[in-house]
Each structure stands twice: as C-alpha cells, then as structure tokens.
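Data first, discussion second: the structure below is written as structure tokens.
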Amino acid sequence: MTSTPEPEDIAAPYWRGAAEGVLVLQRCGNCGVVRHYPRAICSACQSELVEPQQADGRGTVHSWTVTHHAFDPRLADDLPYTLVTVDMREGVRVLGRLDGDTAPAIDLPVRITFAPGLDGTPVPHFEVETS
Amino acid sequence: MSRASVVGVGETEYTKRSPRSALQHQLEASLTAIADAGLTPGDVDGVIPIGITGAPVEEYVADFGITDLRFSAVVPHGGASAVGALQLAGAAIAAGLCSTVLVPFGRNTSSGAKAGQRIHTMPQFHFVSEYERPAGNIAPAQLYAPMARRHMELYGTTSEQFGEIAVSTREHALLNGRGLMTKPITLADHQASRMITDPFRLLDCSLESDGGAAFVVTSPERARDLAQTPVDLLGSAMGHPDSPSSITQRPDLTRVGVAKAAALAFEAAGVTHADIDVAEIYDCFTYIVLCQLEDLGFCAKGEGGPFVEGGRLRLGGELPTNTHGGLLSQSHMLAVNHVVELVRQLRGTAGAAQVAGAETGLVTGYGDMGDGGVAILRKGTS
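Quick note, the sequences are listed as chains A and B, same order. To convert, take the position in the first sequence, counting from 1, and add 302; that gives the numbering used here. To convert, take the position in the second sequence, counting from 1, and add 466; that gives the numbering used here.
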C-alpha cells in the first residue's frame with residue numbers, strides 16, 4: 303500500500319518503529335530506492351510516493367567517535383560513550399550508541415536495537431554480532 | 467582580470483566574556499575596516515552580514531547614515547559564509563548593482579550559548595537535532611570526529627599529524643599579537659591535552675571567543691584611488707558536499723565541499739597551486755585543515771598527514787598556513803579573520819608573521835557540515 307503522507311508525517315513510521323525497537327526506513331513507492339533519514343521526496347526520482355520498510359537490522363561499522371566530554375550535563379554519567387556510524391544492509395546509514403566492551407573497528411558487524419535517549423526519545427543502539 | 471578588490475579590513479580586540487554585544491563588535495570592526503580603506507561609513511552601498519549573530523542590514527543603514535543602500539544579502543553557510551560573501555560582493559559589484567560592499571561579523575559567544583547549543587537552532591542541522599542529538603551526538607566536534615576517524619583508519623593519519631597543525635598555528639598566533647592564545651605549545655602538550663571526543667583532543671578544537679572582524683570590497687578601478695594597496699579577487703568558488711545536511715548519510719566522509727570548488731577557483735584565478743604563497747584554511751578543527759589541503763589539491767586524498775609534517779605549514783615552509791593563528795589560536799571569527807589576514811599578508815603588512823614577498827594567496831571557508839568556499843587573491847597595483 304503506497305500513500306502520500308503530509309509533510310509533517312514523513313517521519314512518523316520511523317518513530318513508531320523506534321518506539322517498538324525496530325528500524326523503519328522509507329522505500330520509494332515509484333523506483334524502490336530505500337532512503338534515510340526520512341525525506342519528503344525520493345532523491346533518485348523525486349517521487350512523493352513512499353512506503354515504510356522494516357530494516358533487516360544488521361550492518362557494519364563505518365566510523366565512530368568516543369566522547370569523553372559531557373556536551374549535555376545529563377550525559378555526564380554515560381562518559382565515555384561511543385557513537386558509531388553504521389552501514390546498514392539496505393544501503394543507508396544509522397548513527398547510534400555502541401554497547402558492550404568491544405572496541406569499534408571498520409566493518410565490525412553490529413545489530414540495531416533501540417533504547418531511550420535524551421528526553422526519553424528512542425535512539426539506536428548497536429550490539430556487536432557474534433556469528 | 468579581477469572584478470573586485472578588498473580595500474579595507476578591520477578587527478576588534480579578541481577576548482572572552484566581553485561586556486560588548488555582538489552588534490557593538492560588528493559596528494566597531496566595520497568602522498575600522500571602512501576607515502582603513504579611506505572611506506566614510508556613508509560610502510557603503512552594499513552589506514552582507516555574516517553568521518547567525520549578524521545584525522540586520524537596516525542597523526547599518528541607520529547607524530552609518532547610508533542614504534542609498536543598493537545591495538544586501540545573506541550567505542547561509544556558517545564558516546563558508548565569509549568566502550561566499552567575498553564572492554557575492556565581487557559578483558554584485560561586477561554586475562553594477564552597487565559599488566562598495568561591507569562584510570561585517572561580530573559575536574559574543576562566551577556569555578551566550580556554546581556551539582553545541584547554537585547549531586540546534588539552525589534549520590540545516592535539523593537531522594542532527596531530531597535523530598542524533600538524543601543519542602548524545604550534540605556538538606560540532608562530535609559530528610566531525612567520525613570524518614577524522616575514518617581518514618585515520620583508511621590512510622593511517624595520526625593524532626600527531628593533527629598536532630603539528632595545532633602547534634604551527636599556535637606559533638603563528640604568538641607572532642600575530644591579537645591572538646587569544648598567548649603561550650607556545652609543543653606536540654607533547656597536544657598529545658597530553660584531554661580527549662574531548664576521539665580523535666579530537668582539546669588542542670584540536672577551535673576557540674569560543676568574542677569580537678568582530680570586517681572587510682570592504684569595491685571595484686578594482688575605485689580601489690586604485692583609495693588608501694591601501696588593493697588586494698584583488700582573482701577567482702572564487704563555492705562547493706557543497708553530497709548529503710550536505712547529514713554527515714552520517716554522506717557517501718564519502720573524507721571529502722568536504724571545497725573538493726568541488728577548488729578546481730573552479732584555480733581556473734577562474736588563472737593560477738596554479740605552486741603560485742600560492744600563503745594560505746588561510748578554515749580551521750574549526752585541526753583535521754578539517756588537513757582534509758581541505760587534500761580537497762584543494764595541494765596533495766592527494768590520504769596524503770594530508772605526511773603533507774603537514776616537516777614544517778610545511780609554518781612560516782618559512784612551503785605553504786605557510788593560518789599565519790594569524792586561525793580559529794584554533796587567534797579567535798573564532800568564522801573566517802572573516804582569515805580574509806583579514808590574507809589581505810594583510812598580500813599588502814605586506816602582516817607584521818612578525820609576514821610571509822616574505824607574498825603576492826598570491828588562498829582563503830577557504832568550511833561551514834555547517836561541509837559547505838565550502840575558496841577564494842584566491844593577489845596583491846594589486848596601487
């Protein structure tokens with residue numbers, strides 16, 4: 303089912319998924335290209351037609367930073383924390399927290415979950431995949 | 467053939483926790499630049515205020531007694547705005563829209579919001595604000611750190627190479643006399659400075675500072691009749707990275723907007739890299755200098771680390787860079803101070819940090835998450 307959402311609703315499927323712990327991407331209803339973050343039209347064909355697509359959830363680390371300074375005082379107890387940029391299998395990237403003790407490395411396989419972040423907003427977390 | 471010349475430059479004192487407002491800094495720097503040119507405030511007929519702290523042009527009309535403002539615009543590209551404004555001023559003058567353009571900047575950040583708060587008021591950062599800030603990705607240092615980390619992993623670039631940029635820039639600040647930073651640093655100091663967000667240590671990060679800087683642009687013909695040796699704008703270009711508003715989604719994390727602008731600017735200027743005597747490279751973080759040196763074509767992608775070693779960026783080196791101390795050690799004036807310094811270098815009035823015989827120079831801007839600008843200037847004939 304393809305729909306043309308109101309502009310203010312383009313991110314709603316992502317946030318509904320995040321609240322349920324799953325990554326929901328946008329798939330163009332015209333050309334099928336998958337995109338993220340949510341946008342009003344497809345960057346490949348400029349179509350407004352869009353449908354939600356639940357992601358596989360697996361990806362590999364593209365880059366990262368380990369933060370040692372509390373840019374928000376509410377994060378002081380989290381220090382240090384690792385933010386990873388992850389190449390998802392669908393070809394888009396997601397930024398989130400890396401959980402666990404494994405040091406980040408390029409191509410490290412990870413799997414997404416969600417957990418509450420600042421203001422309770424659900425944010426991506428990644429766990430290292432053990433195959 | 468140049469179509470515009472920079473004829474006046476001005477700066478305020480650079481401090482922290484200044485009692486003076488952003489507007490006061492802008493007006494003071496502007497008046498200094500206008501007087502430097504040998505003009506009066508009412509001669510200005512174009513204004514391009516820089517940055518989110520920029521006062522509306524109506525303030526200048528009223529405060530400067532401008533009776534016939536013919537051109538105004540805003541360049542919304544953060545740290546690339548100063549070079550963008552220089553380009554736009556040149557285009558407006560060449561098109562006959564106006565004759566004399568003021569580009570003012572001034573801020574009071576120490577007493578206000580820090581960069582990690584400011585960017586979230588800006589629409590171009592909305593993806594960061596909505597999707598990444600809740601995870602703790604808040605400040606520019608965190609946004610750019612994965613770019614640097616990727617470069618290190620792919621090419622073997624080291625923190626010590628970032629440190630070389632911090633050390634040489636500090637050396638230049640000490641010679642400048644206006645720099646906020648007044649003590650020399652060593653590579654060991656850089657390595658011992660606290661980690662902010664890996665791989666950026668404290669001494670990889672630019673300053674939060676207060677003050678103002680401004681420059682005045684007019685036609686080359688008019689420039690010859692004014693007070694200073696004119697500095698001609700030979701060529702300029704702007705460029706934007708792919709996925710400009712989300713670094714996370716950017717196909718190549720190691721390339722920024724100047725990669726698209728550099729060849730255009732060199733072609734327009736009719737000069738080559740070997741002609742560049744001095745460079746003022748946007749330096750919000752050490753790595754951003756290294757990355758731009760590659761994207762500008764001074765070395766190949768991945769070779770920026772070895773390129774900055776051996777004193778190449780120091781006075782007396784092959785490419786003296788950020789001879790005023792930059793955003794890292796002089797003051798964070800959003801690269802308006804970079805334009806000011808390049809003009810002084812090409813006039814031959816840069817004081818203790820003067821590059822002997824400098825005739826042609828380059829200035830860049832890097833804004834928001836990678837918007838880029840390049841301008842190439844040359845000493846004119848008075």
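A virtual CB, placed ideally from N, CA and C, is assigned to each residue, including glycine.
Please work out which residues of its chain come closer than 6 angstroms, Cβ to Cβ, to B/Ala470, disregarding the five sequence neighbours upstream and downstream, and give them in chain order.
Gly556, Ile559, Val683, Leu699
According to DSSP, what are the bridge partners of B/Ala703?
B/Val840
Along the chain, where does the beta strand (DSSP E) containing B/His851 start, and where does it finish?
This structure does not reach residue 851 of chain B, given that chain B is present from 467 up to 848, and the question cannot be answered.
Over what stretch of residues does the alpha helix (DSSP H) that includes B/Gly582 continue unbroken?
Element bounds for B/Gly582: 581-584.
Which whole runs of the beta strand (DSSP E) in the stretch 647-685 of chain B are 3 residues long or more, in chain order?
List check, beta strand (DSSP E) in window: 661-663, 676-684.
For A/Trp317 and chain B, any beta-carbon pair shorter than 7 angstroms?
no
Taking DSSP as the reference, what is the three-state secondary structure of B/Ser712?
coil
Run through the DSSP bridge pairs and tell me what A/Tyr383 is partnered with.
A/Thr369
Does the distance from the CB of B/Ser672 to the CB of B/Cys564 come in under 7 angstroms?
no
When the Cα atoms are used, what is the spatial distance from A/Gly402 to A/Ile414?
Taken atom to atom, the span from the alpha-carbon of A/Gly402 to that of A/Ile414 is near 13 angstroms.
Which class does B/Asp761 belong to by DSSP, given the choice of helix, strand or coil?
helix
Report the option in B/Arg536, B/Gly677, B/Glu494, B/Gly504 whose CA atom is closest to the CA atom of B/Ile514.
B/Arg536
Using a beta-carbon distance cut-off of less than 9 angstroms, what residues from the stretch 347-363 of chain A approach chain B?
none
Based on the DSSP output, what are the partners of A/His427 in its beta bridges?
Beta-bridge pairing links A/His427 to A/Arg399, A/Thr415.
So B/Tyr832 and B/Ala614 are in contact, right, with Cβ under 8 angstroms, and what is the actual spacing, rounded?
Incorrect: roughly 13 angstroms between the Cβ atoms, too far for contact.
Taking any Cβ of chain A, which residues in the stretch 602-629 of chain B have a Cβ under 7 angstroms from it, in chain order?
Gly602, Asn603, Ile604, Ala605, Gln608, Ala611, Pro612, Arg615, Arg616, Glu619
List the residues of chain A whose Cβ lies closer than 7 angstroms to the Cβ of B/Tyr597, in chain order.
Tyr339
Listing by chain order, which chain A residues have their CB less than 9 angstroms from the CB of B/Asp664?
Listed along the chain, the chain A residues whose CB falls inside 9 angstroms of the CB of B/Asp664 are Trp366, Thr367, Val368, Thr369, His370, Pro382, Thr384.
B/Thr789 bridges to which residues according to DSSP?
According to DSSP, B/Thr789 bridges with nothing at all.
Spatial neighbours of B/Val540 within its chain, please: C-beta separation below 6 angstroms, excluding the five flanking residues on both sides.
none
When you compare the CB positions of B/Ala728 and B/Gly763, do they come within less than 7 angstroms of one another, or not?
yes
Going by the CB atoms, is the gap between B/Leu669 and B/Arg660 shorter than 7 angstroms?
No, these two residues do not count as a Cβ contact at 7 angstroms.
Exposed or buried, which one is B/Val475 when buried takes at least 16 other CB atoms within 10 Å?
buried
Take A/Tyr316 and list the residues in its own chain whose beta-carbon comes closer than 6 angstroms to its own, dropping the five residues that flank it on each side.
Val326, Pro340
From the DSSP output, which residues share a beta bridge with B/Ala470?
B/Leu699
Taking only the alpha-carbon atoms, compute the straight-line gap between B/Gly701 and B/Ser685 and give it to the nearest angstrom.
Spanning the two alpha carbons is a distance of roughly 14 angstroms.
Where does B/Arg721 fall in DSSP's three states?
coil
Using C-beta distances below 6 angstroms, list every residue in its chain close to B/Arg780, excluding the 5 sequence neighbours before and after it, in chain order.
Ser634
Do B/Gln715 and A/Arg395 have their C-beta atoms closer together than 7 angstroms?
Yes.
My output table needs one value for B/Asp534: the three-state DSSP class, helix, strand or coil.
coil
Given a threshold of 16 other Cβ atoms within 10 Å of its Cβ, counted over all protein chains shown, does B/Thr506 qualify as buried or as exposed?
exposed
If you draw a straight line from the alpha carbon of B/Pro650 to that of B/Leu640, how long is it in whole angstroms?
7 angstroms
If I follow the unbroken alpha helix (DSSP H) through B/Asn574, where does it start and stop?
Not the alpha helix (DSSP H): B/Asn574 falls in the beta strand (DSSP E), residues 566-574.
Taking 7 angstroms as the CB-CB limit, is A/Arg329 close to chain B?
no
Does any CB atom of chain A fall closer than 7 angstroms to the CB of B/Leu719?
With 7 angstroms as the cut-off, B/Leu719 counts as an interface residue toward chain A.
When the Cα atoms are used, what is the spatial distance from B/Gln657 to A/Trp366?
20 angstroms
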